[in-house]
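Structure first, then comments.
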Amino acid sequence: MTNIINAYKYFFALLVLLSCINCKSVDEQVSEIAQSGKHKDPHTYSNFNSIVLNHLDLDLSIDFEHKILMGSATWTTDKLDKKDDKIILDTYKLNIDSILLDNGKKALYHLDKHDDILGSALTIKIEHNTNKFTVYYRTHPTATALQWLSAQQTFDKKHPFLYTQGESIYTRSWIPCQDAPAVRFTYNATIKTPRELMAVMSASNMQEKNKDGVYHFEMKQKIPAYLVALAVGDLQFKPLTDKMGVYAEPSQIHKCVAELADLNTMMHAAEQLYGPYAWDRYDVLFLPSGFPFGGMENPRLTFATPTILTGDKSLVNLIAHELAHSWSGNLVTNATWNDFWLNESFTVYFERRIMEAVEGKEFAAMLWDIGLQDLNNSLKKYKDNNQLPLTKLKLDLTNQDPDLGLTDFAYEKGAAMLLLIEQTIGRPALDTFIQQYFEQKKFTSVFTDDFDKFISKNLFNKYPDLRTQIKFDEWIYEEGLPSVSPVIDNIRFKEVENFANDLWINNNIDAQATKLWSTFEWLHFIRYIQQKIKDKSFLATLDQKFNLSNTTNAEIATQWYVLAIKMEYDNVLEPMKLFLKETGRMKFLEPIYEALYTQNSNYQKLSKELFQQYKMNYHPLAQKSVAQILNVSL
Ligand code: BES
Ligand code: ZN
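Numbering that gives the first Met the number 0 puts the first residue of the sequence shown at 0, with every later residue one more than the last.
See the structure below:
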């Protein structure tokens, strides 16, 4: 211990001395490195422009009692700029125990001051021939990437559960790393778990529990840090095909398998569209309901919310979405979080092409329609809140939280632009271009500027008017939405509107038609009648007819609760409370808490009470987001 302290003091003194010579603080030097060269990434401290760490060996034990991961990360580099005498890694609240170089010597290191968004830079002094080093460390119990669930917070209520969420910059809270999406590496891992649990990662996975609780993983393809993922729990595996399967808690597994019956068709459609699947296996892990996202495209192993288990397969577009990321995102990756739209907009477009192949054109049209409605609603909100810069595709999030870029613009605006290109030049021409883009850029990271050059060279050259015709520069570089937009012919929503109009006139109308509705028709129905309803008695009529307050479909429930809150229709309060207790997905929590908070003072009081009561069930990110909505501190 004294050794470490001495080493630390010595190194710090050296840094101070050096910075005096340069008349620059360590901070300034660090930020200069991150900002220099071709790769500007405002969300990493790492000096990845001069040193790229291209392989990780991870060795971690899991301590559920103290909510700590403990062990080591060994990094290898094969390309070392001999001028460099230090490596800078990203960390977030990590406890560093020691660092060893490959020559067996202890390295001097310095952990810089903590920034709430970026964490702290870990500067490690290396020698001229260092190409491997090991960081021994422990995570903090409040690590932002980790959700520790008690047995009570799982479906089966028997064992605790842990999972990680790396995107965007959370991996640094459980692995010291170059946490920049432009850096790719392969990894091996050894994870030691309590014996009754099973560990799975975004890598090669076991399909059965190991008796000794020790699991080994290998990820042979290079991936960025945000795609390293781990989950540990009482898991069971069921195959869907010889290359695909499902992991879930035992009580859920059959339901999950049934919901994913079309996965093979999706995979086939995806490969037909944009080339062979590059990651060997594709499995889906269903998490407990506290998972803050719908899905996360961890390579080889998508993490998914159980809220898509509706029993009628009507929300599996979420799986199509995560599968599509195996090309857009995981193969061709946004170079920084300012280029996040490259990941999500291509994926949304691709997702809807897969869904069209599986469910038909009319189904895909509903997805496009809902997406464009969301986009327009978001635009109004961002305008009202003076946040128009966030409506651009190419962002500048310097000194800001990268998750501010997680908007409908990153998803729907770029997807709409791609659909407009499709409608302007025809599908075959766009498909050829996208195939070429994935093929040429695979296993690399792309800046928006690179994409601009690529599309200029490979598409606009063939269609010289296209750039101005579709107003490409407005889509990418300007706020709001351009005057040209794609056209969507959505028969099924027209039918919903006709039904709603008839119902409006004649309450006794036969509700048979709704028996065939998917989730999206219901969503549109609720959105549509919302414009007409003047008092809550009509909500009671609807509720009697369709039992909406008791729906088990989380999408429909959220839409209905929000409308009911606005109309102060109190019959929803009990099922809504249960929903808020059991669901951790931010997409649902945020609008419900917001509606409660803004509607009236009673609901506002209730919203704060419910949050106090249930927040322990939510992921740290969801807690933070709801706390902001309710104007309370955590
Ligand atoms: N990659 C995202 C999730 C994400 C984005 C996590 C940014 C953290 C930071 C994932 O692919 C996604 O988009 N999920 C959506 C699915 C939906 C669009 C079908 C979700 O979680 O709702
Ligand atoms: Zn996505």
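Glycine included, each C-beta is placed from N, C-alpha and C at the ideal position. These numbers were taken from a predicted model, which means no experiment stands behind them.
Quiz item: For Phe432, which residues from the same chain have a beta carbon less than 7 Å from its beta carbon, with the 5 sequence-adjacent residues on both sides left out?
Solution: Asn457, Leu458
Quiz item: So Val357 packs on Ala269, CB below 8 Å; how close in whole Å?
Solution: Not a contact, Cβ separation roughly 10 Å.
Quiz item: Using a threshold of 7 Å, is the CB atom of Thr346 nearer than that to any non-hydrogen atom of the ligand ZN?
Solution: yes
Self-check item: DSSP state of Ile123 mapped onto helix, strand, coil
Solution: strand
Quiz prompt | Same chain only: Cβ atoms within 6 Å of Ala247, ignoring 5 sequence neighbours per side | solution = Cys255, Phe285
Quiz item: Would you report the Cα separation of Leu226 and Ala142, rounded to the nearest angstrom?
Solution: 17 Å
Quiz item: Would Leu641 pass as a contact of Tyr568 if the rule is Cβ separation under 8 Å?
Solution: Outside the shown range of the chain, which is 0 to 633, sits residue 641, and nothing can be said about it.
Quiz item: For Lys604, is the classification buried or exposed, using 16 other Cβ atoms within 10 angstroms of its Cβ as the cut-off for buried?
Solution: exposed
Quiz item: So what's Glu567 in DSSP terms, helix, strand or just coil?
Solution: coil
Quiz item: Is it right to say Met200 is buried, meaning 16 or more other beta carbons lie within 10 angstroms of its own, or is it exposed?
Solution: buried
Quiz item: With a cut-off of 8 Å, do at least 3 Cβ pairs link the stretch 168-178 to the stretch 309-316?
Solution: no
Exercise. Assign Leu17 to one of three DSSP states: helix, strand, or coil.
Key: Per-residue confidence for Leu17 stands at a pLDDT of 39, beneath the threshold of 50, marking its modelled position as unreliable; the derived number appears in the next sentence. It is helical.
Self-check item: Which of helix, strand or coil DSSP assigns to Thr397
Solution: coil
Self-check item: 8 Å CB neighbourhood of Ile95 in its chain, flanking five on each side removed
Solution: Tyr108, Leu110, Leu121, Val134, Tyr135, Tyr136, Pro175
Quiz item: Does the beta-carbon of Ser35 have 16 or more other beta-carbons within 10 angstroms, so that it is buried, or is it exposed?
Solution: At Ser35 the pLDDT is 41, less than 50, meaning the model places this residue with poor confidence and gives no usable figure here.
Quiz item: Looking at Glu411 and the ligand ZN, is the gap between the Cβ and the nearest heavy atom below 7 Å?
Solution: no
Quiz item: Hey, how far is the Cα of Gly103 from the Cα of Ala72?
Solution: 15 Å
Quiz item: Quick check: the stretch 150-163 against the stretch 112-130, are there 3 or more CB pairs under 8 Å?
Solution: no
Quiz item: Would the beta-carbon of Thr540 fall within 8 Å of that of Asn506?
Solution: yes
Quiz item: Which first and last residues belong to the beta strand (DSSP E) in which Asn333 is found?
Solution: 331-333
Exercise. Using the DSSP secondary-structure output, state which residues sit across from Asp282 in a beta bridge.
Key: Gly244, Leu300
Self-check item: Near the ligand BES: Glu608 beta-carbon under 7 Å from a heavy atom
Solution: no
Self-check item: Nearest-angstrom Cα separation, counted from Leu522 out to Phe216
Solution: 41 Å
Exercise. Figure out for me which residue from Met218, Leu196, Asp501 has the closest Cα to the Cα of Lys531.
Key: Asp501
Practice problem: List the endpoints of the continuous beta strand (DSSP E) containing Glu217. | Solution: 213-222
Exercise. Report the rounded CA-to-CA distance for Leu196 versus Tyr613, giving the unit in angstroms.
Key: 26 Å
Quiz item: So, Asp669 versus Lys312, is the Cβ gap smaller than 8 Å?
Solution: Shown here, the chain extends from 0 to 633; a query on residue 669 therefore has no answer.
Quiz item: According to the Cβ coordinates, are Phe47 and Ala181 closer than 8 Å?
Solution: yes
Quiz item: By a C-beta neighbour count over all protein chains shown, 10 Å radius and 16 as the cutoff for buried, is Thr708 buried or exposed?
Solution: Examination of residue 708 is not possible in this model, given that the chain is present from 0 through 633 alone.
Practice problem: Flag Glu296 as yes when its Cβ comes closer than 7 Å to any non-hydrogen atom of the ligand ZN, and as no otherwise. | Solution: yes
Quiz item: How is Gly294 classed by DSSP in three states: helix, strand or coil?
Solution: strand
Practice problem: Using only the heavy atoms of the ligand ZN, determine whether one of them is closer than 7 Å to the beta carbon of His324. | Solution: yes
Quiz item: So Thr185 packs on Asn130, CB below 8 Å; how close in whole Å?
Solution: That pair is no contact at about 15 Å.
Self-check item: Rounded straight-line distance, which links the Cα of Lys237 to that of Ile252
Solution: 7 Å
Practice problem: Use the C-beta contact count for Lys601: other C-beta atoms within 10 angstroms, 16 or more gives buried, fewer gives exposed. | Solution: Looking at the sequence shown, residue 601 is not Lys but Asn. The residue is exposed, with fewer than 16 neighbouring Cβ atoms inside 10 Å.
Quiz item: Just to check, is the beta-carbon of His641 closer than 7 Å to a non-hydrogen atom of the ligand ZN?
Solution: A question about residue 641 goes unanswered here, because the residues of the chain that appear run from 0 up to 633.
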